[in-house]
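Engineer:
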Amino acid sequence: MSVPYPFTAIVGMDGLRLGLLLNAVSPAVGGVLVRGEKGTAKSTAVRALSALMPEVPVVPGCRFSCDPGAPDPGCPDGPHTAGPRTVRPARMVELPVGASEDRLVGALDIERALSEGVKAFEPGLLADAHRGVLYVDEVNLLHDHLVDLLLDAAAMGASYVEREGISVRHSSRFLLVGTMNPEEGELRPQLLDRFGLTVEVAASRDTDERVEVVRRRLAFDAGPEEFAARWAAEESALRGRIAAARELLPQVRLGDAALRQIAATCAAFEVDGMRADIVMARTATALAAWAGRDAVLAEDVRQAALLALPHRRRRNPFDAPGLDEDKLDETLEQHAGGDGTGDDPDPDGPDAGPDGPGGDSDGDGDGDGDGDGDGPEDGGPDGPDGQPPQDGPGAAVPGQSQGEEGSGSAPGGDRAPAPAAEPFRARTLSVPGIGEGAAGRRSRARAATGRTTGSRRPRGRLTKLHLAATVRSAAPHQRARRRSGPGLEIRRDDLHEAVREGREGNLVLFVVDASGSMAARQRMSAVKGAVLSLLLDAYQRRDKVGLVTFRGAEAELALPPTSSVDTAAARLERLPTGGRTPLAAGLLKAREVLRVERLRDPSRRPLLLTVTDGRATGGPEPVARAGRAARLLANDGIASVVVDCESGPVRLGLAGVLAEELGGPAVTLAELRADTVSALVNDLRRAA
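Below, the structure is given as structure tokens:
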């Protein structure tokens, strides 16, 4: 068995260690979500914590880790009677990103149940994690239905598997730890709310700390056993402190004044629902037990708010996480009580951190050990490039007033980025046909969930039984099978599974015209507002998004395809404008991006959204080249929509021509609004 890195040897990361330790003291807190960049000891800290968990007494031979002192009466391996017991270390179970539903909750063998009458159940990871730690790395990349199943089990303390009238239930209580890199996409607010606590981690910028991280990691890699032995006393002391806090926890008093502070804080920060209040109460109680006190103080309430509220204030992907600490202190002071719970908070006091007797407050021990401290991605259009447009400052175009393109620009032909208009609810745009991509909410697809549209013979393990088709297949053979007595004899060859139709997520690639013809401040503000609205729609429908921009003489990939729509919004907000309109370059760049993405993920179908007024003025033969590029995309079978941004009394209809070349529709900015579409439909109904 490999030696885990000692928890007490981790450098810094006070918030991460405190969040983990509070859940070890009180699993009812509801787990912890760790947000941060790569190489910041997230995985190392979780594995180190599992080694500190108390050993677990179990019923011998029980696959569901039943407690001999209080066995689960509904355990599939039960009933259990009084008898011998064994003790084993608490498990740490890792859920891989590519796990299936059967691997998570367990698999019920429907074939044996129907053909042999045997109720055979193979436990999944939720059973393995019972009374231990369930670690989900990159939880934001899991399919939504798996995250729902995972969090439901964590909230209820039990897992349910139901297939065709056969159901299995078993206990599943565990310390849930999820990690994620926000650059790869956010969890939905409904799922964020299900995690008890959240902590933000980042690599230290202090030279001495980084030196100590590397020194300790190299020492551990050179001799894990020797390194662990040097920290054995500190680990034992911390393990004892966790056990002592667990024993003290039921005796901790949460007074009315502390409860009022908790309720007032959640109300002041406009947190939805009541889960935040409950989690704060449990966290404050665990903090008091961790500090060795039998009463909750105001400092416990304050620390609980910093851990339990930031992720619950995020209502859409463009909201920045965090908490206004001045507002928090003001709220706590206003509702301070007189029973000893209203003392001034002391966030720097000795009990605010996770260090136990002999513990350490520096150390990293990250398995990556690089501590590279990567910053934000480079290469995007985060500011004016300072290069003059190669095609000159805006040649005249029919129907365009002089100075519309390239006039009023900053040096180099750029204009200052216009602010985005307020986002709105966008109409639904989808890819025609039926796909088989990742689960989502945009286009039709064959999926594991959804309405049943037919049946077929199983391809591998039978999952969703189509009962009627199975009976129809078995019925003609009953006389030949000479079955005695009433009933229907079903054999393996008769089994049919359901074919279901649901929804998939797509790759939505935005191609945004940032040329001078779009640079009128009011128009660009409306365009950015429309793109933000479509980004919000993509987030809600579980799409990946990418951003290509074109202006001057060339196009560039401002954001490679990603699940992080807030990153796309940030790049869009800083988008400069000016210069000519190299429409062909933008379309060809989009075609290249889609070609590469098709190789990476062939099942995810693309939707190309070209945001432009349709004018092409950049490069040789700009109109003809743009037409050829559009026809290439159409021949590739790319589903396209052109968002027509043309405005003013004189309209050339060039966006409509481009849409015809691409083989898709053109919609105006006004037609993108869902309320506009609904109003038009209602008008047509009234006219009929």
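In numbering that gives the first Met the number 0, the protein residues as written are 0 to 687. Even for Gly, the Cβ is constructed at its ideal location relative to N, Cα and C.
1. Since Ala529 sits in a beta bridge, which residues does DSSP pair it with?
2. Below 8 Å CB to CB, which residues in the same chain sit around Ala473 once its five sequence neighbours on both sides are set aside?
3. My understanding is that Arg590 touches Leu653, with C-beta atoms under 8 Å, so please give their C-beta distance in whole angstroms.
4. Just curious, the alpha helix (DSSP H) that Phe690 is in, first and last residue?
5. Taking 7 Å as the limit between beta carbons, can you name the residues of its chain near Arg245, skipping five residues before and five after?
6. From Asp350 to Leu331, what does the alpha carbon distance come to, in whole angstroms?
7. Which of helix, strand or coil does DSSP assign to Glu496?
8. How many Å lie between Ser203 and Gly11 at the Cα?
9. Alpha carbon to alpha carbon, how far is Leu51 from Gly357? Give it in angstroms, no decimals.
10. Alpha carbon to alpha carbon, how far is Thr616 from Ser514?
11. Which partner residues of Glu121 appear in the DSSP bridge assignment?
12. Check whether the Cβ atoms of Leu258 and Asp293 sit closer than 8 Å, and answer yes or no.
13. Assuming Asn505 and Arg441 form a contact by the criterion Cβ under 8 Å, report the distance between their Cβ atoms to the nearest whole angstrom.
14. Assign Ile9 to one of two classes, buried (16 or more other C-beta atoms within 10 Å of its C-beta) or exposed (fewer than that).
15. Going by the beta-carbon positions, is the gap between Ala584 and Glu503 smaller than 8 Å?
16. Taking buried to mean at least 16 other C-beta atoms within 10 Å of its own C-beta, is Gly123 buried or exposed?
17. With 16 as the cutoff for other CB atoms within 10 Å, does Leu149 come out buried or exposed?
18. Between the alpha carbons of Arg216 and Val510, how many angstroms are there, rounded?
19. Could you tell me which of Ala288, Leu671, Ala98 and Arg193 sits nearest to Gly528, measuring between CA atoms?
20. Compare the C-alpha of Val86 against each of Leu533, Val58, Ala263 and Leu535 and name the closest.
21. Can you round the beta-carbon distance between Val507 and Ala537 to whole angstroms, since I take them to be within the 8 Å contact cut?
22. What does the alpha-carbon distance come out to for the pair Leu417 and Val135?
23. Is the beta carbon of Pro223 sitting closer than 8 Å to the one on Ser563?
24. From Leu586 to Ala629, what distance separates their C-alpha atoms?
25. Under 8 Å by Cβ, that's how I've got Leu657 and Gly618 pegged, so tell me the actual separation to the nearest angstrom.
26. Within its chain, find whatever has a CB closer than 8 Å to the CB of Pro559; leave out the 5 residues flanking it on each side and keep chain order.
27. According to DSSP, is Arg440 helix, strand or coil?
28. Assess contact between the stretch 26–41 and the stretch 64–77, defined as three or more Cβ pairs (one per stretch) separated by less than 8 Å. Is contact present?
29. If you measure between the beta carbons of Val96 and Leu141, is that distance less than 8 Å?
30. List the DSSP bridge partners of Glu199.
31. In three-state DSSP terms, what is Val138?
32. Within its chain, find whatever has a CB closer than 6 Å to the CB of Gly372; leave out the 5 residues flanking it on each side and keep chain order.
33. Alpha carbon to alpha carbon, what distance is there between Ala285 and Leu20?
34. Excluding the five sequence neighbours on either side, which residues of its own chain have a C-beta within less than 6 Å of the C-beta of Ala106, listed in chain order?
35. Pro422 and Ser532 - do their beta-carbons sit closer together than 8 Å?
36. Nearest by alpha-carbon distance to Asn634: which of Ser1, Leu661, Ala40 and Val622 is it?
Structural biologist: Per the coordinate set shown:
1. Note: Ala529 sits in no beta bridge, so no partner.
2. Leu487, Glu488, Ile489, Arg490 and Asp493
3. Contact flag wrong, Cβ pair sits at about 20 Å.
4. Past the boundaries of the shown model lies residue 690; the chain is included only from 0 to 687, so the question cannot be answered.
5. Val24
6. With a pLDDT of 46 at Asp350, under the threshold of 50, the modelled position of this residue cannot be trusted; read the value that follows with caution. Their Cα atoms are separated by approximately 19 Å.
7. strand
8. 8 Å
9. Since pLDDT at Gly357 reaches only 39, below the 50 mark, its modelled position is unreliable, and no value is offered.
10. 10 Å
11. Ala106
12. no
13. 5 Å
14. buried
15. no
16. buried
17. buried
18. 45 Å
19. Leu671
20. Val58
21. 5 Å
22. The sequence given here places Ala at residue 417; Leu does not occur at that position. One C-alpha to the other measures close to 40 Å.
23. no
24. 7 Å
25. Actually they are not in contact, since the Cβ atoms of Leu657 and Gly618 sit about 16 Å apart, beyond 8 Å.
26. Gly545 and Val592
27. strand
28. no
29. yes
30. Arg34
31. helix
32. A caution first: Gly372 carries a pLDDT of 41, below 50, which makes its placement in the model unreliable, though a value can still be read off. Within the same chain, Gly372 has close Cβ partners Ala202.
33. 9 Å
34. Glu121
35. yes
36. Leu661
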